[in-house]
Every structure is written in structure tokens, then in C-alpha cells.
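Q:
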Amino acid sequence: MSKRLGRRFFARPALELAPELLNKVLVTPIGSARIVEVEAYCGSEDPGSHAYRGPTPRTEVMFGRPGHLYVYFTYGMHWCANVVAERSGTAGAVLLRAGTPLTGVDEMTERRTRARRPRDLCSGPAKLCQALGIEGDHGGLDLTTAEMGVSIRDDGTPPPARPAQGVRVGLSKGGDLRWRWAVPGIPDVSRPPVGN
DNA sequence: ACCGGGATGTTCT
DNA sequence: GAACATCCCGGTG
Numbered sequence: 002m003s004k005r006l007g008r009r010f011f012a013r014p015a016l017e018l019a020p021e022l023l024n025k026v027l028v029t030p031i032g033s034a035r036i037v038e039v040e041a042y043c044g045s046e047d048p049g050s051h052a053y054r055g056p057t058p059r060t061e062v063m064f065g066r067p068g069h070l071y072v073y074f075t076y077g078m079h080w081c082a083n084v085v086a087e088r089s090g091t092a093g094a095v096l097l098r099a100g101t102p103l104t105g106v107d108e109m110t111e112r113r114t115r116a117r118r119p120r121d122l123c124s125g126p127a128k129l130c131q132a133l134g135i136e137g138d139h140g141g142l143d144l145t146t147a148e149m150g151v152s153i154r155d156d157g158t159p160p161p162a163r164p165a166q167g168v169r170v171g172l173s174k175g176g177d178l179r180w181r182w183a184v185p186g187i188p189d190v191s192r193p194p195v196g197n
């Protein structure tokens, strides 16, 4: 008993969408994970965003329709996945930073050979992608139609009433903004935000 | 537990 | 040529 999220859900500012994505379920053909940590990126107003200096071949999907996946490759080896927010023409996205494994744990464990315990399977943006098999081919896919078997679903678990909030991770610019949210008390995060 | 450094290649200046 | 929305390992305390 879970329902796929539709276009309307994603078509709002990243700062609104981000905390609403907490406790939703990311589903791929490999398995599924409950989203427990996210970061907002606000396009042209945000020096930390890949879209800050306008569209490029890499970032054009961020300027397109909401509910699509923006996937980027970094540090020569890692994939990371964002959900596109806002309406067409305005760049906004929410980085999926961590999840709690739900189904397909055996497959995820095979993919993440370095993970020593279940909480290490999806506890980071690149770990999450590796565990669930999200790579460059998935860039631009439409989550609202479950393209390539990937979607985000609501299984009836509401977002936390008081999410933990803190600064974003790993940025040289815009790192002072407290645009990261997490489900409080969950160990499967990249690192716990300080306070809220 | 905490910290420092290396891996590795795409993207944009 | 520099930067990079990261991860992993090995050192030390």
C-alpha cells in the first residue's frame, strides 16, 4: 500500500521539497531505501549549486521539469542523485544523501563490497547510488512514471515533525547555509546534523 | 574516535 | 589546469 509521487509533489522550491522527501521511499530494480537525509540546492541563487552559473550540458536537467533525476559524477568514481524541484526554467534540486535499506538488502550488500554493516549500505550520497544501482544512464529519467523502474513512493510514513537540520556537506561555497535535513535518531546518515 | 591523504576522471575556466 | 555536493584505508591516541 504505497503510492508513487506525482509531478505536483516535486513542483515547488527545493527548500520546501527537501524536508518533505524525508521518510519517502526510493525504489529501483535493485531494491528500495527510506530517504533519511537530504540537501537542498537552489540554482541561480545558490553559489553551492551546480546550476549557479546557468545551464550547461551536465546541468540542463535541473532547469527542466520537476520530478526528474539529476545524476552527476564526481571525484572520478562516484555517482550522486538529485530530485529536480521547481518548475521548468527555474533550477532547483534535492540531493539524496542517505537512506535506510528496506528491500533488496542482499543485492545491495553484493554491490557495496566495502560495507561492513547494513547501516553502511546507503549512508552517503554515492553509497546510496552504488547500493541501488543508480548511474549516469539514469540521468534525466522521470520519477513520476517510474522510468527505468526508478520512482519515489509514499508508504504512509509522514516526514518527521521536527527534522534535524544543519549545514550542507563538502562545499567550498555556500557551505554555511543550513540546507541539510535528516530524520532524527536514525543511524544511517552520512553524518548527523548538529542541532536543529 | 578522530584525522590525513590517495584514488580517479569529468567538467568547466 | 583546477576543482570536485565522496569514499576508504591506515595512522595515531
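Using the numbering used here, read the first sequence as starting at 2 and increasing by one per residue. Heads up, the beta-carbon is just placed ideally off N, CA and C, and yes, glycines get one too.
Taking G171 as the reference, give the member of P126, C43, R112 and A34 with the closest Cα.
A: Here the closest residue by C-alpha is P126.
Q: Check whether the stretch 170-189 touches the stretch 128-141, counting contact only when three or more Cβ pairs, one atom from each stretch, lie closer than 8 Å.
A: No, the stretch 170-189 is not in contact with the stretch 128-141.
Q: Pull up the distance between the alpha-carbon of P1 and that of I187, whole angstroms please.
A: Past the edges of the chain, shown from 2 to 197, lies residue 1, and the structure says nothing about it.
Q: Around the C-beta of R181, are 16 or more other C-beta atoms found within 10 angstroms, so that it is buried, or is it exposed?
A: The residue in question, R181, is buried, as its Cβ has 16 or more Cβ neighbours within 10 Å.
Q: Please name the residue, chosen from T29, T57 and V39, that lies closest to S45 on a Cα-to-Cα basis.
A: Comparing Cα positions, the closest option is T57.
Q: Okay, do the stretch 109-124 and the stretch 88-101 touch, 3+ Cβ pairs below 8 Å being the bar?
A: Result yes; three or more Cβ-Cβ pairs closer than 8 Å.
Q: Can you say whether A94 is buried or exposed, counting buried as having 16 or more other CB atoms within 10 angstroms of its CB?
A: It is buried - the Cβ of A94 has at least 16 other Cβ atoms within 10 Å.
Q: Mapping the DSSP letters down to three states, classify A15 as helix, strand or coil.
A: Note: A15 maps to helix in three-state DSSP.
Q: Distance check for A147 and G141, CA to CA, integer angstroms please.
A: If I take the Cα positions, the gap works out to 12 Å.
Q: I believe A165 touches P193 by the beta-carbon criterion, under 8 Å. Please report the beta-carbon distance rounded to the nearest angstrom.
A: The Cβ separation is near 7 Å, so the contact holds.
Q: Rounding to the nearest angstrom, what Cα-Cα distance links S152 and V195 in this structure?
A: Roughly 30 Å separates the two Cα atoms.
Q: Residues bridged to S173 by DSSP?
A: Beta-bridge pairing links S173 to no other residue.
Q: Using CA coordinates, which residue listed in P67, V106, M78 and F74 is at the minimum distance from R88?
A: When only C-alpha atoms are compared, the closest one is P67.
Q: Alpha carbon to alpha carbon, how far is L27 from Y71?
A: Rounded to whole angstroms, L27 to Y71 spans 14 Å at the Cα level.
Q: Output yes or no for whether 9 Å exceeds the beta carbon distance between R59 and Y73.
A: It is a contact, given that the beta carbons lie within the stated cut-off.
Q: Specify the secondary structure class of K4 as computed by DSSP and reduced to three states.
A: Strand.
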